[in-house]
Every structure is written in C-alpha cells, then in structure tokens.
Amino acid sequence: MAAPHPSVSRDPLEPQPLIEGVHTDKTINDSLLAHVWRGAGKGWFALFSVALAMLGLLVIAISWTLYKGIGAWGNNIPVGWAFGIINFVWWIGIGHAGTLISAILLLFQQKWRTSINRFAEAMTLFAVICALLFPLLHTGRPWFAIYWLMPYPSTNGIWPQFKSPLTWDVFAVSTYFTISLLFWFLGLVPDLAALRDSSKSKTKRMVYGLLAMGWRGSGRHWAEYKWAYVLLAGLSTPLVLSVHTIVSFDFATSVIPGWHTTIFPPYFVAGAVFSGFAMVMTWMVPARHFLGLKHVVTMKHLENMNKIMLVTGMMVSYGYIMEHFIAWYSGDPYEYAQFFKTRWGGPMSGIFYLMVFCNVVTPQIFWFKKARTSIPVMWIASIFINVGMWCERFNIVITSLHQDFIPSKFENYSPTWVDITLFIGTIGLFSTLFLLFLKFIPAVAVTEVKELRHELAHDPTADPVGETH
Amino acid sequence: MSCDDNKDARTKDRDRRRSLPVVDKSVAPAKGAAPADGGNGLWRSQRPWRSIDERDRQGAMPGAANEFPAGTMDVDDNVSRRGFMQLLSVSTAVATVGAACQKPNEKIVPFVRRPEEVTPGNPLHFATAYALEGYGSGLLVESHEGRPTKIEGNPAHPQTIGATTAIEQALILGLYDDDRAKQLRQGVTPIAWRSLLGQINANNAKLAENRGAGLRFLTAPTTSPLLLDLRRRILERFPQAKFVSYSSVADDGAVDGARMAFGKPMVPRHRLGSADVILSLDSDFLAEGPEQTRLSREFAARREPSPRMSRLYVVEPAVTVTGAMADHRLRMQGTEVGSFVAGLCSVLASRGLEKLAPLASLSHGERKWDMKWLVALAGDLERHRGSSLVIAGCRQPPAVHALAAALNAALGNVGVTVEYGAPLTPDPLSGPAPLAALAQDIAAGAVDTLVITAANPVYTAPADFKFAKLLERVPNSIYFGLNEDETAAACKVMVPAAHALETWGDVRATDGTVSIIQPLIAPLWGGIQEAELYAAFIGEGDVGANKLLRRYWQGQFKGGEFDAHWERWLADGIVPDTGVAAEGGVAVDGAALAQTVAPLLTRTKSGMEIAFVVDPKLYDGRFANNAWLQELPHPITKLTWDNAAMLSETTAKALGIETGDIVEVTYRDRHVDAPAMIVPGHVDDTVTLPLGYGRTGVGVGGVAKDVGFNAGALRTSDNPWYDRGATVAKTGRRFKFAITQDHWTMSPDGRVIPPPAVEGPIEEVLKRDSKFHEEIEVRRGPLPTIHEPVDYSKQAYKWAMSIDLNKCTGCSACVVACVSENNINVVGKENVWRGREMQWIRVDRYFSGNDDSLSMITQPLMCVHCETAPCEYVCPVNATVHSDEGLNEMVYNRCIGTRYCSNNCPYKVRRFNYLNYIADYTAVRELGMNPDVTVRTRGIMEKCTYCVQRIERKRISTRIEGRTIADGELETACQQSCPTRAIVFGSLNDASSKVSQQHADPRRYDLLHEIGTRPRTAYLARVRNPNPELHVPDAHGAGQEHGKGEHE
C-alpha cells in the first residue's frame, strides 16, 4: 500500500520530518502491517527462491566441510585462518548496527531510530546467526568444540583456557546473541499482539497469539514493558562495544605483525558500526520502496545513517593511518614490512587497495548533501562499504598471516570452491531469514511509530524533527 | 665424534642387539600366532593379513593377474602340474628336483616361548646393513614385536658411524610399500617358486650343454662375499656365462681415471679429517656416494671455528649440498671442469710442483673462469701440501679423475687425505660400457637366459640401447626386482625380491669391512632373496639364503667356535678384521698421463650443455614409489613431488623462460617436455635434468606414477652425464610446482632475521670484540619483562637443543628420520602446493649474494619449545601446555583444531591435519608405525615434541636403575640421524652437558629472540672461512646478511 502523499506544505527551511504525511493510529497500523497480511507477491517468491538456492549451497558446503575436514577449504600453514574467520568477523560487524540503533540511540532518545530499529535488530540477529556458523565450522573437530568450549563442570575436571581470547569470544558472542534476541522479541510483543488482533484466520490468530504472550495492552503491561525495554537497552549498550572489542582481541593479543596492536578494539567497533549501517542501508533502500514504508523511513533517516557511515568511515580510516604510523614509529622491522611491503606490494596488495577505495574514499562522498540524499548513490556506496569491510578483514586475517616472521614459511593463499560457496551460502541464509522476517513480522516497530506520532502530535514543544536538544 | 665415542656406543648397544632366531627345521607357524610374525607358511605368495576386508583393501595384483582375486592363486594347480610334468621329463635332474618339491625348510617364526630379552612393548634393535651401489651402510633397526619401525645408523660401522642418509631412513616405508611386487609370475601366469626352480633346473641342463654360453647375469654392482662366491660357483658350472654389473649412476670415472694415472683400476677413499684445504671438482661428496655419511662427519668435525677450520672450494654447475657448504664456490659448466683442472695443474706446476711439470703444458682451452680465483686456490693448495685434497665427482670423465689423482699425488696428499685401493668387486666398471657389451650380445642373439638383478635397467639404461626392445630377443629373461616396474614388464619371468630388511646376505663397506645383512621380518609378500636366485643356477635354489650365508662364512671362518662368533657378528653389525688396506706407493707417470689426457680435454662440441644429475631423493628412480622421499623437499630447490629442468637466471631470461614454463629439451633428436625452474647459482648455458622421475610403466606404483619427467629418455651411453648440443624451447604451457619454500632471501622487505652466517677470515671472527660479537650479543640473553620467568633449575631436567649451522649441510636425513619416528603423514603434491606439508622439521635455506658469489645457508627449524610460548595461551581448550621440564606439549585428544596456536607461532612450526591422511594407510603400512607415538587423525594440530616418547622411555629405564639420564644417552630421532652431529639435545640443568656448552657458545643465538619467546633451541651461527685473497669484506659484511637473491 502506498504511503499517503505528504500534502501539508512545509517551510523549505524546516528540516525533513520523521513521519511524512498526516496519520492516525489506524493508518499507521494499516500501512505498517499491510505487508504482513498481503499475500506473498511474485517478487517475494522470486527473491525467496534465490535465497533458498543459496541456502542450499550452504548446506552442501557445510556437509562437504564436515565430511572432508578443513582441508576442503584453502587454509594452510601459515594461513591457519582464512575465509571462515573473515566471514565471522564480517557478519558480527554487520550485526552491530542493530544493537547500536536499538540500544544506544534509545538511551540517547534519538527519535529517528524508531522507524528502523526493528529492521536493524532483525539484521543483527540474522547476521549473528551467520557469524556463529563459522567459529564452530572452522575448527578441526567441531563435534568436540561445541562443548569443550563451554565452561561446565565435567567429570574430567578440565576447564576451558580462560587466557585464550577464543574462550572470551564464546562468552561475548553468545551473550550478544541472547541479549539481541530478547531485545528484539520484547520489542515485537505489542506488534505481535496487534497482528493477533487483526488476524483474519484462526491459525494466524493462534500463532501470533502465542507469540504475543498474552499481551493485552493494559497500563501495567505498558509500564513493565517500558522498564524491561530500557533495562535491556542498558544491558545491550556495553555489548555494542564489548563484542567487537573481544573479537578484536583474537588478533590483538597475538604476536603476529598486523595483529599485535592496541588500536584494534576501537577500530574494530567503528568498523563494525560502519559495516552494520552499510548493510542496513543496502536492505532498507529496496525494502522501504517495495514494502511501502517511505512515509516512516524517510529521507531524514537515510541521511542520518549516511552521516553515521561518514563518521565511522573516518574512524576506520584513522585506524588505517595509525596502524601504518605505529608500524613506522615503533621501529619494529616485521611490522614495518607487514604494512609497507606486504600490504602495499605483496601478492595480496590488490585487496588492500580495494579496501582503501571502498572504506576510505567511498564514504567521503557523504560530505555532500546531494549524495547523502540520493538513493542510488547511497545504495551503491553502501554496497562498496560492505565489500570494503570484507576486504579489511581479509587484510587483517590473511595478509598478516601469509607473511609474518620467517620468510621460509611465507605461503600464498587461494580459496577453494567450498570457501566461496560457504560465503555465498551465508548470504543465502541471511537473505532467507530476512525475507521470512519481512513476510511474517512487521518490518517497522508499529507501536513505537504510533507512540512517536503521538509524541509529535500532542506535545507542541516537541521537536518535530525528533532530535533532542 | 671420535672413534672412542663409537666404541662406547657399541658397548652400550651390545646388549640391546640380538640376532633373530632362526629355526632350521620345517615348522609350520603356530595357529593363532600374533600377526606380526609375517604369517608366512607354506606358500610364499601368501599374504600376511588375511581378514576379508583387508584383503580387499590390499588391492589387486599387477598386470593381467588382476582378474584373479588375491589369494586364489596361491596354489595354482595348472602351473604346479605343468611344473611337475617338466620335472619328470628331466630325468637327470630328478634328485635336485626332489628337493625343490619339498616345502622350503627355513622360516622365521614367532616366539613360542618368550626369550629372555623380549618384553612386549619394549623395542629391540638389530644390526643389519643396506647395500647401495654395492657398498654397505651399517644400520640398527628398531623392532617392535617383530615389526621393524625405525632405521638408525650403526655407530660401529665404519661408513655410517651411527648416522644415516635420508634414503636409508626411508627404507622402512619401502618395506611396507603395498605397491611392491607380490606375485612370482611367468608372463601373466602366477607360478610357485618351486615350479620356477624346476624350470631353472631344466634350463640349467640345457645351458650346461654349451658350457653356459647363452647365460648372462645383469647385476647391480656388488661387494657381497656370498654373492661373489655364488658367482664363482656359477661360473665354475657355466664357464661361458657372463656377469655384467650395471648401475646408471656408477662411479666409473674414478676407476678409469685411476687407471690412467696409476696404470691400474683403483678406487679413491677420502679422509677429510686431515684435510685443511679441499677442492671439489663437481663432487657432491657430502650428499652422494657410499661414503657420504662418514665424509660429512669428518668434514663437519673440521668446521669448528678455530684456526684449524678447513676451507672448501667447490667447482660445480648447479648448487649441491656440498656447494652450499663451500667457502668459495665457482659455478662452471660440467664440460669445462677438465680444462679448469688442467689450468690448475699448470699454475701449480709454475709454483714449483715438479711432479706436475709434464702436465703444465696441457691445453686448457678458452679460459672461462676467474683467473684470480684459480690462482688463490692454487696458492692455498700449495701452502697446504700434504693436507689438502682434490676430489673429483662421479659425473666427471676419467680425465678429470686422472688429473685429480695426479694433483693429489703431486701435493703429497696420497696416504694422508686420500688413499687408493683396489676395487672390492671383480667388475670395477658398472656404467654404460659393460652394458654395451651385453647389448651387443643380445642383439647378436647370443643370449639365451638373462637374469636381471640390477635395479630396473629398462628404465635406467641409456636411451640409445633401447633396452626394452632388446629384451624381447632374449628367450628366457628373469627379472628379480622389488616392484612391478618397466623391466618387470619387459621380462618373461618376474621374481619378487625380498626387501633389504627381509634378506639374509652380506656386504662390504668401502674400506672392505663386512656386515652381515639379517632380516628383520619374514618376507611380507613371499619375496625371494638374491642369493637364492643365484643358487638356483647351481642347483641349490631350495637351500635358503640363511643356510647359504652361514655355510659360506663357516667355510671362511678359521679358529674357534663359529656359532658364537656368528652371533657376535650379527649383534655388532660388522665382521671384525675384514677391512682391506689401501695400497701404498702409487706413482703417477706425468708424461704418459699428459699424453693420454690431452686429447680428452679438447673441446670439440658447442651448443648448450645438457647435464644429468642423480636425484638426492629418488636416486636413479628406484625410490620413486617412496612417498617420504617424494615429499621430502629437495635440499636446494625445496621442490617436492617433481623434478625440474634447472636453468640459471641469465640463460632463462635469454630464452624467455620463467619458472613454471614447460620447455621442450631436445638432445640428439630425442626430446622431453619438462617444467623449467630457475635456480640461483646455476651455471649459464646449461640445463640440468635430475634422473629418476617420469615413471609411466604399467606396473609402476601409485606414488611414482606420472611424477615429473623422465630425463633418462635423453641420456646416451657415450655421454651419460654431460654433453653439448641441447636445445631448450618454450612450449607455452605452464606447470605448477609444489615447493615448500618460495622465498630465497633471508630478509625480504627489510625483515631482519638473525644472522645465521658470518663471513670473514676466521681469526677476525674469533676475536671477542669483533663486529660479529656485537651483532650476535643482541640476539641472546634475557630481555626486559614484567613477568618473572619460570625457574626450571629445580627440575631434574631442563630439556634443550642446539643446532650448529656450521655443521648442518641441509642433507635432510633428519626430516625423514623424524617422519619415521613420529608417524608423520604424507600429504601429497596438491596439499604441499597448498602449503600443508606435515614434516615437523623444516630445513630452511636462504641464498645470498648473486649467482657468481652465491652463499647458501640451511637452518633446520622445528618447534623451539619456547619457555613463554605464544601458542599456549591462545588455545581455548588447553590442548597445548608446558611441562615441568620445559617441553611445549601437544595434547592430541584435547585438540579441537582452532589453528590459533599455529597462527600465533612466530616460527610457523606447527602442522595441522587438514585432511584425514591416515585414511589411506593400508594394514601393511600400519605395521611400520611407531607404537610409541599417537597417530593423529584429521583436525588436529601437531608439531615437534623433542621426541618425548624417547625421553619417557629413557626415564623409565634409568629410574629402574635408580639413576638420572646421563648426557648423551638420550638422542632425538633427528639428532641420531644427523651425519654431521649438528643437532645436540640434552638438559641445561647439567652444566657439563654438551647442550649446555653449546648454549654458552659465542656463536649461539636465539631465533626471533626479540619477541621474547625464550626458545629452548639455540642456533650456533655459521662461520665461513674464506681465503683472504678472495674475500671482499664489504660484499657481505660481517654479521647480518643482506640477501640480494631473487625474491618471488
């Protein structure tokens, strides 16, 4: 259903609104739940079958990996980690936008988050699911890894090694996943109730009713709900910083030139937010078009996201510069060679230059308002940034490993079909989950948008732009 | 190590070594006996493992015999019947035949009552020997419950002196090779040994009619007293028969050269212990030939940095192990060496060596070498008269050997650094010349029965003989070989040979000392022994090798109780007082020599030089089916699973060739397609082709098949090693090499690796305040740290290792020894290409300098057992931990394979089982595994353990004796096999231990010391001893090496 056309004339100097047009709760309800009730269109089925096919590839690649062993991948010695870990870090990074938007922007009372937080949180969940595949799959014996990494009091009395960043990873990522899931679900409850109430068939009513967990919308419900939501937001906030910080420890605590650096935690977090927003953008632009969400996900939202990408892109660029500066300033010959020889001129330098182009050059375009508000520009830029962030992890993981200290054990790396299929397969998994999400769950937090409408409509002092001073 | 040490080791080992029990009576193997007995009862073709699924796994028989499942043809009625009819028809041979029909009456059986020294779980060591090119290497073989699992050098043996070569280490895998010939067959029909004996007897009767005129034996060169005695008896019966000795890598040049110089065929024996200045004329004496182990030891002993340090000059076309150890190396085409040595003669003559005066006028043609180099060398040789040595390589023609002998004689070296002795075999020549005579006989139809025991002559014979075609003309051809190879396919009868470790026999070392070869296991696939095949021609084919051998030696033995001595010989591995003294008083007639040699030195041909070279891994191809050797990186090129046409960079550039281009090498209208490789230090305008690869025959085993190209297809009988007139042309196709080390320089991109080499006059280096000391001081000792280092001094032991780079030649024996000891998997070419090789020891090699002043350094690198190991803290499941005594331990069953430890290892010495490599193991292959070491499955990290299983074994045995492990009684596998004793292992808590001394050596440094890993393995920097006349101090600079070699 098309959004109501903005009919009110605006002062041209007035900033863009967060909700376009004049709405009542009902119009918001109808417009935002419409895509759930509408039968799946041809377009959805076309996309879904592509995603399913890619998911099939994932199943094949995983089965082959388990059957053959890690030798099915291109890894070697010295490149013990390759696509698996790149993909892990990349997906985890993508997940960061969701938490940032839901939690931190909520605490900062950034009103513009309400239209996109559901969407971003779902992405977080699905990205973390994709990411979680890899730490397990990349081990030589996943059937042991799955429980030896867990600290449980076993009869043999052996615990995980708490000095190892991989053990920290297990805690960090699983906590992150749990909190993200709870947060997302909690936010969904009122909307699920709305879906239940507007269900036309018994089955749907039952299913959504079960999921709504008896939500009746009483004042007490709302009070508890609000508290729980803020509490979870408070819990999530440190996670935004901690997850990728700990992921960065996988590298930073090692001795390998290119890994052994103190700048990694902030640099990883910035990169994660950068890539997370890029991914939200990549999906949001088509979604708002096809699902008719343009009135709630306005140009204002997109522009704000572009600004965040510009900021985090600059942080990431600063990280690149500092890595090089320290490599030179520290006088460590191995680190110097890693950055100034291997990355700039080694066999894998092409990836480095692609990374610089995508992550350093591309976001600079967002200095210009025209670019920030141009749908094609931002969409293409977001894809570039996704590619660039994958290349960044390639540089960190593979380029650092393939030439470290002893020149006799410098080896080249080339991926196998399994590596590539696994990566494509996780994109398939992500897409499948996302398309299902778009089909069965409101992509925008209806309740919150209604609430926002009320705030904007009833509080004359409220800033219509939604930015708190 | 001196002789005294050897003696100690021998005494120590004495009680460990026993001969295997031999049961003379015909005893059927006990039912339900342990499978390790070889289970070989009545039928020799019976396989030792008889479960159904295992039989299926063992694979089909070669060739057309495939259509019968294994086991069904053990007793072939038809054949036996036919054989039986033949026996009956030969009335004169009835008596003999009767014997042949009986069951073989000698076998090796499992213990029914356990002998006193056998404790299940504790290995025994048996002394035996391995014959290559007719000369024996003394070995001690570790046997677990009757299964040989590991080869070590016999310290009592004069040639091996306790060490081994890589090839000897790999014999274990060859023994359990499932591709070995398993079926005695006539054409495609399997027959029984007794049937064959019957036929041979029948044939003997026919041959005897014309005194054996049509009988020929084509054998490998041999010094075996037993085989030579059998030969004598065969010749008594068949006086017209002939024995031809052939090896494609024979050292005929030395024998012929001595003939030119001294007037009679002689063999040089070198003594490097007393050599101050050594000149190698294209001789890879440290890694080639029967004396390599002893020569390496003697050479290394003189490389201690002291004023007594020897100096090595090497003249060679392509870098060899010896060339890499040189203080001065001159690259020179193989065909130029003759005129170079003539030039050396004239320079030395002009310096007052009168004996060389007649040789002074020898034309040395167009001079292509650096005259300054030659003059400096001549000066050095002249200053060290009586303690210098000139060694000519086996690839050089007789003229060069003759001039080398003349130089040694003139310099007064004979009797000091070199001795000349009569050849130990009746056929001193075993190269193309004797084979040519045989070929002629065959072509003339004069050969009726040909018995081939030489190693695969159809593959190795010069291409111009077309040997396979010739064999078609021989009515009765019998091939005795280990594998169903090219020769087996061309012969009428294939007799599967028993492996060296399944054989009774004897062999002489180069000094004449005899070793008894005793079997470690009953023939796994019913192989026949060489002595038995010989004996068949004197009607004793059924006597059995053990009896033949004992009977012979009993005949030789005078005085005393034979049995006790026999047991002693078997236990010691040598027969005392069997050495042959060198002949003194050799004299060179200079004028006559000049006349003989002069025409040989003139160069008549032009064009690009083609050079063939023995492969350091596969030899002449006979070890091609040995996966340990195939996967062993070549000492210089680090190439595995292939050979390459090697070229210098200049030549390759001129031809537009890059490494990996497939080129067509044409020589005398024959051509092969070979992948080209640019090798530093290679001489220009020469292409070097390693032999032994490109096996394509029907029966060739799965490992050898289609690996590399067959350089032998270009080789001709008149110039088996060097000739001119080759062309090399690009084909446009590309090839992927599996090289384990692509990087040639030591410090690419400014990375600073501590200096393994120091150049400079030895006196300078030894000074306390030299630049060298400044350089090395920063690479050892404590680093500032906020952590209190763990105190290991209270422990009983503090295990540590030291590796003396001055002694390491890069021969790679340690790599194969480690593979054998630690059950390390072979991964195959594709995985080596991917960088997943599993060998725990990596012998790194670095080039520096340019092609003309090339230096090469080798550095064996295995886990250095860091005290603060970066691998340990990153493992999430505690699978790699530190022991109280400082070992960095792997807990295999705890490992989940995150590979984080390997990523964080700055030395990159950890190895990961990317695939389930053990899945390929056959049941027979599993017999050769070391039961003391866990076999690792897929998904597990592994690495050097400092041979922890050896430490624990020793700990147990010394604890029982109530004492601690003494220094030197515990050796790691790599240390044990090292010919130069470059590796030392021991406890640092014992201040007097060898390893403690080495750790305190002024040359000691820690690899990657600056990271603070506190490695337990220390390296002793290499010191070169250049001639001050040739040394350019600024070219390399003391201390740090700045590699200028190519960097890929």
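For the record, the sequence lines run as chains A and B.
Under our numbering, residues 42 to 510 are what the first sequence spells out, in order.
Under our numbering, residues 962 to 2009 are what the second sequence spells out, in order.
Built from N, CA and C at the ideal position, the CB exists for glycine as well.
Only counting runs of 4 or more residues, tell me where the alpha helix (DSSP H) segments fall wholly within the stretch 1281-1353 of chain B, in order along the chain. The stretch 1281-1353 of chain B contains these whole alpha helix (DSSP H) runs: 1282-1286, 1298-1311, 1332-1344.
Would you say the stretch 377-386 of chain A touches the stretch 440-449 of chain A, given that touching needs at least three Cβ pairs under 8 Å? Counting Cβ pairs under 8 Å, three or more are found: they touch.
In chain order, what residues of the same chain lie with their CB nearer than 7 Å to the CB of M95 of chain A, ignoring the 5 residues before and after it? Non-local beta-carbon contacts of M95 of chain A in its own chain, meaning distances under 7 Å to residues more than five positions away in sequence, involve I465, G466, I468, G469, S472 in chain order.
Does the separation of the CB atoms of L1168 of chain B and G1159 of chain B fall below 8 Å? Going by C-beta atoms, L1168 of chain B is not nearer than 8 Å to G1159 of chain B.
First through last residue of the alpha helix (DSSP H) which encompasses R261 of chain A: First-last of the alpha helix (DSSP H) with R261 of chain A: 260-293.
Would you kindly report the start and end of the unbroken alpha helix (DSSP H) that includes I1413 of chain B? Element bounds for I1413 of chain B: not the alpha helix (DSSP H) but the beta strand (DSSP E), 1410-1413.
Within the chosen definition, does the stretch 226-235 of chain A reach the stretch 482-489 of chain A through at least 3 CB pairs nearer than 8 Å? Touching, yes.
Could you confirm whether any beta carbon from chain B is found closer than 8 Å to the beta carbon of F212 of chain A? Contacts with chain B at 8 Å (Cβ-Cβ) do not include F212 of chain A.
Please list the terminal residues of the continuous beta strand (DSSP E) segment that includes Q1144 of chain B. That residue, Q1144 of chain B, is in no beta strand (DSSP E); it is neither H nor E in DSSP.
Close Cβ partners of W225 of chain A (< 7 Å) along its chain, the five nearest in sequence each way excluded: The answer, listed in chain order, is E162, A163, L166.
Backbone CA spacing between L233 of chain A and E265 of chain A [nearest angstrom]: The alpha-carbon separation between L233 of chain A and E265 of chain A amounts to approximately 17 Å.
For V1664 of chain B and P1151 of chain B, I'd like the C-alpha separation in whole angstroms. Between V1664 of chain B and P1151 of chain B, the alpha-carbon positions lie close to 25 Å from each other.
What are the start and end residues of the beta strand (DSSP E) that includes N1849 of chain B? Counting along the chain, the beta strand (DSSP E) containing N1849 of chain B begins and ends at 1849-1851.
Chain A beta carbons: is any one of them nearer than 8 Å to that of F1873 of chain B? Contacts with chain A at 8 Å (Cβ-Cβ) include F1873 of chain B.
Which same chain residues, not among the five before or five after T353 of chain A, have their C-beta less than 6 Å away from its C-beta? Spatial neighbours of T353 of chain A in its own chain (CB-CB distance under 6 Å, excluding positions within 5 residues in sequence) are listed in chain order as A311, V314, F315.
As a quick exercise: from A:N128, A:F185, A:D71, pick the residue whose alpha carbon is nearest that of L236 of chain A. Of A:N128, A:F185, A:D71, the residue nearest in Cα terms is A:D71.
By the criterion of Cβ-Cβ separation under 9 Å, what are the contact partners of Y1274 of chain B in chain A? By Cβ distance, chain A contributes nothing, its closest Cβ being about 28 Å from Y1274 of chain B, past 9 Å.
Looking at C-alpha atoms only, which residue of A:I287, A:I304, A:S205 is the closest neighbour of F129 of chain A? Ranking A:I287, A:I304, A:S205 by Cα distance to F129 of chain A puts A:I287 first.
So which residues on chain A does Y1628 of chain B lean against when the C-beta distance must stay under 8 Å? For a Cβ distance threshold of 8 Å, nothing in chain A lies close to Y1628 of chain B: the least Cβ distance comes to about 35 Å.
Quick check on E489 of chain A: does DSSP put it in helix, strand or coil? Helix.
Among A:T457, A:T462, A:S358, A:S455, which has the Cα closest to the Cα of I426 of chain A? Of A:T457, A:T462, A:S358, A:S455, the residue nearest in Cα terms is A:S358.
For the ligand FMN, any of its heavy atoms closer than 7 Å to the Cβ of L1309 of chain B? Here there are no bound small molecules, and the ligand FMN is not part of this structure.
CA-CA distance, A1219 of chain B and R1583 of chain B? If you draw a straight line from the Cα of A1219 of chain B to the Cα of R1583 of chain B, it is about 29 Å long.
For R1272 of chain B and N1986 of chain B, believed in contact at Cβ under 8 Å, the rounded distance: In this structure N1986 of chain B touches R1272 of chain B by the C-beta definition: roughly 5 Å separates them, less than 8 Å.
Suppose you measure from the CA of P1484 of chain B to the CA of H1460 of chain B; what does that come to, to the nearest Å? One C-alpha to the other measures close to 7 Å.
Indicate whether at least one CB of chain A lies closer than 8 Å to the CB of D1893 of chain B. False, the Cβ-Cβ gap to chain A never drops below 8 Å.
K1691 of chain B to A1605 of chain B span [Cα, whole Å]: Distance between the alpha carbons of K1691 of chain B and A1605 of chain B: 14 Å.
Determine the contact status of L1593 of chain B and V1777 of chain B, defining contact as a CB-CB distance below 8 Å. A distance below 8 Å separates the beta carbons of L1593 of chain B and V1777 of chain B.
Which residues of chain A have a Cβ atom closer than 9 Å to the Cβ of V1835 of chain B, listed in chain order? Residues of chain A passing the Cβ test: Q202, K204, S205, P206, L207, D291, T294, S295.
Which whole-angstrom value describes the C-beta separation of V1835 of chain B and Y1861 of chain B, a residue pair presumed to lie in contact below a C-beta threshold of 8 Å? Yes, V1835 of chain B and Y1861 of chain B are in contact; Cβ-Cβ is about 5 Å, under 8 Å.
Below 6 Å CB to CB, which residues in the same chain sit around A144 of chain A once its five sequence neighbours on both sides are set aside? Only residues of its own chain outside the window of five on either side were considered, and among them A274, S277, T278 have a CB closer than 6 Å to the CB of A144 of chain A, listed in chain order.
Against chain A, with Cβ distances strictly below 8 Å, would T1819 of chain B count as a contact? Chain A, which has no Cβ nearer than 8 Å to the Cβ of T1819 of chain B, makes this no.
Can a CB atom of chain E be found closer than 8 Å to the CB of D1139 of chain B? In the structure shown, chain E does not exist; the protein chains are A and B.
Under 8 Å between C-beta atoms, does W122 of chain A make it to chain B? Chain B, which has a Cβ nearer than 8 Å to the Cβ of W122 of chain A, makes this yes.
Element boundaries [beta strand (DSSP E), containing E1103 of chain B]: That run of the beta strand (DSSP E) goes 1096-1105.
Just the C-alpha distance for T155 of chain A and S423 of chain A, rounded to the nearest angstrom, thanks. So the alpha carbons of these two residues sit roughly 21 Å apart.
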